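To start, the structure under review is shown below, and the notes come after it.
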Amino acid sequence: MPTTNGPGQAYWKAHLNAIDAEGIDASAYAKREGLAVSNLYYWRRRLKLQSAGDTLATTPPGRSPERLFVPVAVGETAAQSGRCLLILTSGVRLELPSLPSPQWLAQVSQALALQVR
Numbered sequence: 006m007p008t009t010n011g012p013g014q015a016y017w018k019a020h021l022n023a024i025d026a027e028g029i030d031a032s033a034y035a036k037r038e039g040l041a042v043s044n045l046y047y048w049r050r051r052l053k054l055q056s057a058g059d060t061l062a063t064t065p066p067g068r069s070p071e072r073l074f075v076p077v078a079v080g081e082t083a084a085q086s087g088r089c090l091l092i093l094t095s096g097v098r099l100e101l102p103s104l105p106s107p108q109w110l111a112q113v114s115q116a117l118a119l120q121v122r
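Quick note on numbering: my numbering labels position 74 of the sequence shown as 79, and the sequence is numbered without any gaps.
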């Protein structure tokens with residue numbers, strides 16, 4: 006990850022421009038130039054966000070600009086009845102008052118498999 010004492014924005018922008026001009030991928034360029042590819046990806050993202058006018062790149066850690074949040078309205082959810090409908094391959098429908106345990110379902114499945122034989 007870039008440090009605050011390392012090269013600045015102009016340095017990384019020049020490298021990213023060179024990658025675009027040469028038409029090679031960032032990992033090949035990083036290897037050739039002796040750079041960490043993670044730094045190139047970090048700066049590519051940071052500069053893209055800045056050019057888009059997004060303040061995320063300059064927001065201090067732990068703080069979120071309010072304009073990044075979207076208002077959401079949460080409505081009432083329908084109360085679930087707790088009932089469970091089990092439809093068997095034979096067409097039989099079992100309506101249960103609640104979700105049965107996996108063990109019960111396995112037992113029913115085994116019993117039906119034996120019955121079919």
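No residue lacks a Cβ here, since even glycine has one placed at the ideal position from N, Cα and C.
Source: prediction; values computed, not measured.
Host alpha helix (DSSP H) of residue i (start-end)
i: residue 21; result: 14-27
Contacts around residue i, its chain only, beta-carbon distance under 8 Å, and the 5 residues preceding and following it disregarded
i: residue 23; result: 34
i: residue 90; result: 98, 99, 100 and 101
Cβ-Cβ distance between residue i and residue j below 8 Å
i: residue 87; j: residue 102; result: yes
Nearest-angstrom Cα separation, counted from residue j out to residue i
i: residue 108; j: residue 94; result: 19 Å
i: residue 13; j: residue 81; result: 50 Å
i: residue 119; j: residue 46; result: 59 Å
Limits of the beta strand (DSSP E) - the one that residue i falls within
i: residue 38; result: Segment 31-38 is the alpha helix (DSSP H) holding residue 38; no beta strand (DSSP E) there.
i: residue 51; result: No beta strand (DSSP E) contains residue 51, which is instead part of the alpha helix (DSSP H) from 42-56.
i: residue 100; result: 98-101
i: residue 104; result: Neither: residue 104 is in no beta strand (DSSP E) and is coded neither H nor E.
i: residue 93; result: Element bounds for residue 93: n/a, residue is neither H nor E.
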